[in-house]
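A short worksheet on the structure shown next.
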Amino acid sequence: MNRRYSILSIAAVVAVAGILFASTYSQSEMTATKYGVSAVQDNLVQKISDMGGIALQMPSAFAQIPLDQIDSMVQQGRHVVEVQLTAQSVDLPIMGGGKFHAMTFNGQVPAPTIRATQGDIIKMTLTVPSTELTAHGNDMHASQISAGNFGAVKPGESKTFAYVAEVPGTFKYHCSGVNVAAMDQHVLSGMYGLTIVDPLNGYHNLLVTKTKVVNGQVVLDRQIVPADAKEFVLEYNQLYLTADGSYDQQAMFDHKTTQTVVNGFAFGYTPNADINKLVKGDEKQNIFVAQPWNDASLKQYQGHPLFVDTGVHYRIFVENQGNMPVFFHIVGEILDRVTQGNVVQAQGTETWNIGGSQGATVDIVFDNPGAYVAVNHDYAAIFSGAATVFVAGDPFKLGYGPGDMPNPSDAVPPLGKNSIPQKEVVHCLCTDDEAATIAKQIGG
Ligand SMILES: [Cu+2]
5 MNRRYSILSI AAVVAVAGIL FASTYSQSEM TATKYGVSAV QDNLVQKISD MGGIALQMPS
65 AFAQIPLDQI DSMVQQGRHV VEVQLTAQSV DLPIMGGGKF HAMTFNGQVP APTIRATQGD
125 IIKMTLTVPS TELTAHGNDM HASQISAGNF GAVKPGESKT FAYVAEVPGT FKYHCSGVNV
185 AAMDQHVLSG MYGLTIVDPL NGYHNLLVTK TKVVNGQVVL DRQIVPADAK EFVLEYNQLY
245 LTADGSYDQQ AMFDHKTTQT VVNGFAFGYT PNADINKLVK GDEKQNIFVA QPWNDASLKQ
305 YQGHPLFVDT GVHYRIFVEN QGNMPVFFHI VGEILDRVTQ GNVVQAQGTE TWNIGGSQGA
365 TVDIVFDNPG AYVAVNHDYA AIFSGAATVF VAGDPFKLGY GPGDMPNPSD AVPPLGKNSI
425 PQKEVVHCLC TDDEAATIAK QIGG
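As numbered in this note's numbering, residues 5 to 448 make up the sequence shown, in order.
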């Protein structure tokens, strides 16, 4: 049992309490000045205060590894995955032009994807440079440590913690704000990432059941697809912004999404000018109606579809980083398998509902060439950014073969237990410095 859930269930209340009672944080650290808090909630906040306040609500850690024990654990056979995160507030572009005030880990949204194997030690260091205007924190859902344990890391300081990733699956990690106060602002402004914990014994083969005709009879045709797969990561979130690109907390309370983003972008995985020219002979002629990230001058922000081969096993790690549901659906396809943790939840399902701060691993084989669009099948989400184009095979007869076309670097996770490598091209909602670092990593 992970006690975090009981903590997070009151986190909103605690965050409000933190905002109302914390005297150590200036108003400039909190963008919003008006809160959608009713009189009833005011009473609840007062009750929490009377009980002893936030400290009483936050039990101490119970699964953290003392840092001086890591070496001996490694000698006994554990592996360590080291993660360096640096808080960086920076302006990044949004669909439609302009920029928003992003809060990031390492200058990119989402933060780097962490890949570990069940049983590994994850050792994370968060550094908050002295140039940051506010403290930051970290809560890793792959751990089983109280969110209040890590605490706030002040500007000019850094802090390390470590834990054993005991449970396989996809898990978000996110800034925990200033002792959970302003956590919503920090997460919804970009401070979130994914930890993929591979099952210790690897992934299962995929069973795909079709039909065929034998001797005039329709019979089941069970096909076993090996566990090794090409992989993608899709992280869903929302932006709640004022006209000048600041975080709009009232819009969050009202669930009035400004844009829906996948790996930080609204419509980030759509054809670009080069692909239009290849397909239509005209770089300005769109083959996807909503296509804001088109021109090559946009550099790392230029749109790029996900190119997939037909007949190949794809494993898609989907995480809902936001606070609206994700009805994950691929238009024109059926999800062959949905796994959460290491437990199969569905086989052959049209859509899978992923709640806030929940992940799923979707296995799929694209059978026929064509363009398929992965959506959050909530129309408001689709039309505000949650549409991701998969191009399977070579439907436009351009002459490329399996694996020839590169895929966006931010949609391809680090290699894991049963990963098949893919060609990559730099694509990220990230600073130019971070884009240059990624270019070096992928040899691009
Ligand atoms: Cu933060």
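Using N, Cα and C, we set each Cβ at its ideal position, and we do this for glycine too. Note that the structure is a prediction, hence the values are computed from the model and not measured.
- When distances are taken from the beta-carbon of C432 to the heavy atoms of ligand 1, even the shortest one reaches 7 Å or more.
- Linking A350 to P116 through their CA atoms gives a straight-line distance of about 29 Å.
- In the structure shown, I442 adopts helical secondary structure according to DSSP, grouped into three states.
- Between G111 and V132, the C-beta spacing is not below 8 Å.
- Those residues that bring their Cβ nearer than 5 Å to a heavy atom of ligand 1 are H140, C179, H190, M195.
- With 16 or more other Cβ atoms inside 10 Å of its own Cβ, L198 counts as buried.
- G272 is a Cβ neighbour of G307, given a cutoff of 8 Å.
- A direct Cα-Cα distance of roughly 45 Å separates D232 from L137.
- Measuring C-alpha to C-alpha distances from N324 to each of F257, N241, H178, Q88 identifies N241 as the nearest.
- With a 10 Å radius around the Cβ and a threshold of 16 neighbouring Cβ atoms, Y244 comes out buried.
- When secondary structure is reduced to three states using DSSP, K284 falls in the helix class.
- Looking at the DSSP output, S423 bridges to A233.
- Secondary-structure assignment with DSSP links Y251 through a beta bridge to L245.
- Counting only the Cα atoms, V416 lies some 13 Å from M409.
- Judged by their CB atoms, T164 and T108 are not nearer to each other than the 8 Å cut-off.
- If the five residues before and after K281 are omitted, its C-beta is found closer than 6 Å to the C-beta atoms of E287, all from its own chain and listed in chain order.
- A distance below 8 Å separates the beta carbons of P230 and H317.
- Counting along the chain, H190 sits inside the alpha helix (DSSP H) bounded by residues 187-192.
- A check of alpha carbon separations from V168 across A156, V78, A91, L310 identifies V78 as the nearest.
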